[in-house]
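Structure record follows, encoded as structure tokens.
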Amino acid sequence: MLSINDLVEANRDVRCPFRIGFQDVDSTALIQLNCEYIFRLLPKKRLVCRANMNDRQVLVKLFMGSNADKYLQRELRGVIALQQAGLHTADIIAHGPAAQGIGQVLVLSYLSGTKSLQAQWDNISDQLSRLSILRRVMPLIADMHAAGLKQNDIHLNNFLTDKQGKLFVVDGDGVETTEQGVSLTESEIIDNLALLFAQLPPEYDDFVSELITVYNVRTSRSKVETEVLLSRVKFRRHWRLQRYLKKIYRDCTEFVVNHGWQHFYVTRRELATKEWLEFLANPEAYMGTGKRLKSGNTATVDLVEVAGRQVVVKRYNIKNWQHRLSRCWRPSRAWLSWRNGYMLTMLGISTPQPLAMIEERCCYLRGRAYLILDYIAAPDLLNWTQQEGVQEQLPVIKSQLEKLFSIWLNNGISHGDLKGNNLLVNEKIDIQVIDLDAMQMHSNQQQLQHYFRKDMQRFLRNWTDTPDLCATFEPLVQHMNAQIEQLK
């Protein structure tokens with residue numbers, strides 16, 4: 002049987018199955034749990050797993066360390082508040098201090114056969130089906146707000162449905178309560194809804210009015226106004242983005258970071274096998290072993306195979322000592338591309354997934370850098386438009402580009418090098434954006450207008466030798482330029 006100290010020392014290397022004991026506060030009996038599958042692990046702080054207790058499947062939340070009792074009580078208060086409001090949630094079976102070490106254990110009923118709304122969202126791609134998921138959850142959120150409850154970290158993973166379509170709310174830890182029976186204030190409601198909508202791709206902002214109608218039908222209080230909510234959604238989306246972009250250079254659940262005097266690298270945690278880490282320790286050994294995609298003074302790009310996976314390795318070269326001197330004090334282009342790739346992903350924009358980023362260093366001075374990306378086998382927009390039979394798809398491409406440019410403009414983003422080669426078109430006629438090292442997010446509106454106009458001019462120059470295509474895309478550029486003027 003493991004102790005709390007064993008789990009703390011194991012850090013992220015906690016492996017199932019394992020047993021742990023706790024003393025039930027109601028019966029004072031010592032209960033053993035056989036933990037079978039870990040859902041979530043925050044090293045040295047919290048573990049959530051499926052377990053077996055007396056031949057019954059249960060959900061276990063294990064809180065570790067000196068703050069364990071505080072987090073247990075917060076979870077208990079949240080679950081009890083949900084139950085008192087008449088909302089479906091997991092039942093509390095038992096709780097008490099861990100048998101060995103400083104920790105607390107909470108045992109909840111296991112909601113077998115349920116699936117989170119986020120999992121359902123991820124399994125479908127068409128808008129209508131995804132909208133139906135949002136419509137289903139709006140009345141439940143309205144009921145929570147009317148009961149004076151809100152989830153401080155509201156997201157679709159906190160809502161489950163069973164096979165009969167019954168909705169459950171989980172994660173009592175994040176439930177905040179007002180005085181019993183008192184609804185949330187209007188500003189609290191708007192902010193909580195905005196936090197949920199801010200996690201959706203920006204294209205779903207067009208449906209906020211429809212979803213708020215569903216919410217308003219359920220509640221008897223004053224109605225939420227769409228424009229006020231959309232303004233808050235924009236604020237919350239920016240807030241979430243900035244918070245996430247601080248995490249992508251830190252060792253956490255999603256990423257592994259290794260930082261020494263001569264190097265810095267970050268990679269996705271699920272890739273961190275022995276072979277992958279050996280590759281990150283010496284990426285130069287793989288350059289030239291695959292297909293050369295681009296040769297240049299400032300960057301060399303190869304397609305190579307690592308751990309049975311095809312990846313693109315982009316090496317940002319140092320041309321000479323003057324170039325080294327100019328680059329060593331500031332973040333490398335690989336560092337910026339890594340950031341911009343995850344920024345686009347957060348905004349629902351397709352781009353090859355950044356898998357790892359490496360900087361060679363001497364103390365804090367930066368040198369050569371590498372960006373490793375998922376490989377996307379797709380033609381660029383220039384080559385795609387030259388293929389036979391694509392004329393019928395041009396309206397789809399125009400619509401995709403308008404959506405892309407609108408998201409950039411609404412979020413203060415300019416690309417910096419909008420050549421047709423930097424837009425890939427996959428088999429689903431979806432656009433993937435590449436070459437992100439010149440991309441910027443502008444806080445200054447005048448700067449945004451200046452750089453976005455340059456993007457539009459550069460995009461239109463792609464078609465100077467093809468008058469028909471120029472005539473096709475010019476109205477789009479004119480439309481975006483008109484949108485830029487409205488920013489004044």
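Per the working numbering, the sequence shown runs over residues 2 to 489. Just so you know, even glycine gets a beta-carbon here, dropped at the ideal spot from N, CA and C. Here the structure is a predicted model, which means the values were calculated and not measured.
Any chance you could list the beta strand (DSSP E) runs of at least 3 consecutive residues sitting entirely within the region 66-131, in chain order? Segments of the beta strand (DSSP E) lying fully in the region 66-131: 93-98, 104-110.
Which value, in whole angstroms, describes the spacing of the CA atoms of Leu194 and Phe236? Translated into positions along the sequence shown, residue 194 becomes position 193. Translated into positions along the sequence shown, residue 236 becomes position 235. Looking at the two C-alpha atoms, the distance is approximately 12 Å.
Please state whether the Cβ-Cβ distance between Val397 and Ile430 is less than 8 Å. Here residue 397 refers to the residue found at position 396 of the sequence shown. Here residue 430 refers to the residue found at position 429 of the sequence shown. Yes.
Looking only at C-alpha atoms, which of Leu337, Gln84, Arg47 sits nearest to Gly66? Stepping through the sequence shown from its first residue, residue 66 is reached at position 65. Cα-wise, what sits closest to Gly66 is Arg47.
According to DSSP, simplified to helix, strand and coil, what is Pro44? Here the question's residue 44 lines up with position 43 in the sequence shown. In the structure shown, Pro44 sits in coil (DSSP, three-state: anything other than H, G, I, E or B).
Can you tell me where the beta strand (DSSP E) with Lys315 in it begins and where it stops? Residue numbering aside, residue 315 sits at position 314 when the sequence shown is read from its first letter. Per DSSP, Lys315 belongs to the beta strand (DSSP E) from 310-317.
Just the Cα atoms here: how many angstroms apart are Arg293 and Lys151? Within the sequence shown, numbered from 1, the residue matching residue 293 stands at position 292. Within the sequence shown, numbered from 1, the residue matching residue 151 stands at position 150. Cα to Cα, Arg293 sits roughly 53 Å from Lys151.
Our contact map puts Pro98 next to Phe23 with C-beta atoms below 8 Å; I'd like the distance itself, whole angstroms only. Against the sequence shown, residue 98 aligns to sequence position 97. Against the sequence shown, residue 23 aligns to sequence position 22. So it is a contact: roughly 6 Å between Cβ atoms.
For Gly440, which option in Gly421, Leu470, Trp409 has the closest C-alpha, if you only look at C-alpha atoms? The sequence position of residue 440 within the sequence shown is 439, counting from 1. A quick correction: the sequence has Met, not Gly, at residue 440. The shortest C-alpha separation from Met440 is found at Trp409.
Could you say which of Arg310, Arg316, Met288 lies nearest to Asn298 if we only look at CA atoms? Here residue 298 corresponds to residue number 297 of the sequence shown, with the count starting at 1. Ranking Arg310, Arg316, Met288 by Cα distance to Asn298 puts Arg316 first.
Touching by the beta-carbon criterion (3+ pairs, under 8 Å), the region 89-97 and the region 21-36: yes
Minimum C-alpha distance to Thr90 - residue among Thr162, Gln392, Gln388, Leu449: Position 89 of the sequence shown, counted from the first residue, corresponds to residue 90. Measuring from the Cα of Thr90, the nearest candidate turns out to be Thr162.
Please classify Ala273: does DSSP put it in a helix, a strand, or coil? By one-based count along the sequence shown, residue 273 stands at place 272. It is coil, neither helix nor strand.
Determine whether the beta carbon atoms of Ile5 and Gln101 lie at a separation below 8 Å. Residue 5 sits at position 4 when you count from the first residue of the sequence shown. Residue 101 sits at position 100 when you count from the first residue of the sequence shown. Result yes, Cβ atoms of Ile5 and Gln101 sit closer than 8 Å.
Endpoints, the beta strand (DSSP E) within which Val171 is located: Here residue 171 is taken as the residue at index 170 of the sequence shown, counted from 1. Neither: Val171 is in no beta strand (DSSP E) and is coded neither H nor E.
Beta strand (DSSP E) segment containing Val258, residue limits: Counted from its first residue, the sequence shown places residue 258 at position 257. Here the beta strand (DSSP E) through Val258 covers 256-260.
Report all residues from its chain with a CB closer than 8 Å to the CB of His156; omit the five preceding and five following residues, and keep chain order. The count along the sequence shown starts at 1 and reaches residue 156 at position 155. For His156, where only same-chain residues beyond five positions count, the Cβ hits under 8 Å are Gln119, Leu197, Gln200.
Identify, in the order they occur along the chain, each residue of the same chain with its Cβ nearer than 6 Å to the Cβ of Ala117, setting aside the five sequence neighbours on each side. Here residue 117 is taken as the residue at index 116 of the sequence shown, counted from 1. In the sequence on display, residue 117 carries Ser and not Ala. Asn158, Leu161, listed in sequence order.
Cβ contact check for the region 414-422 and the region 434-450: 3 or more pairs under 8 Å: yes
So, Asp59 versus Leu109, is the Cβ gap smaller than 8 Å? Looking up residue 59 in the sequence shown gives position 58. Looking up residue 109 in the sequence shown gives position 108. The amino acid at residue 59 is misidentified as Asp; the sequence shows Val. Against a cut-off of 8 Å, the Cβ pair of Leu109 and Val59 comes out as a contact.
Could you spell out where the alpha helix (DSSP H) holding Glu428 opens and where it closes? The count along the sequence shown starts at 1 and reaches residue 428 at position 427. Careful: Glu428 lies outside any alpha helix (DSSP H) and carries neither H nor E.
Ile350: which of His451, Met288, Pro203, Leu278 sits nearest, CA to CA? Mapped onto the sequence shown, residue 350 falls at position 349. The shortest C-alpha separation from Ile350 is found at Pro203.
Could you tell me whether the Cβ atoms of Arg136 and Leu88 are closer together than 8 Å? To locate residue 136, count along the sequence shown from 1; it is residue 135. To locate residue 88, count along the sequence shown from 1; it is residue 87. In this structure, Leu88 does not lie closer than 8 Å to Arg136 by Cβ.
For the structure I just gave you, are there three or more beta carbon pairs, one from the region 241-254 and one from the region 333-346, closer than 8 Å? They touch, by the three-pair rule.
Just list the residues that DSSP pairs Ser415 with in beta bridges. In the sequence shown, residue 415 corresponds to position 414, counting from 1. For Ser415, which the question treats as bridged, DSSP gives the partners Gln441.
Are the region 372-390 and the region 445-458 touching by the rule of at least three beta carbon pairs closer than 8 Å? no
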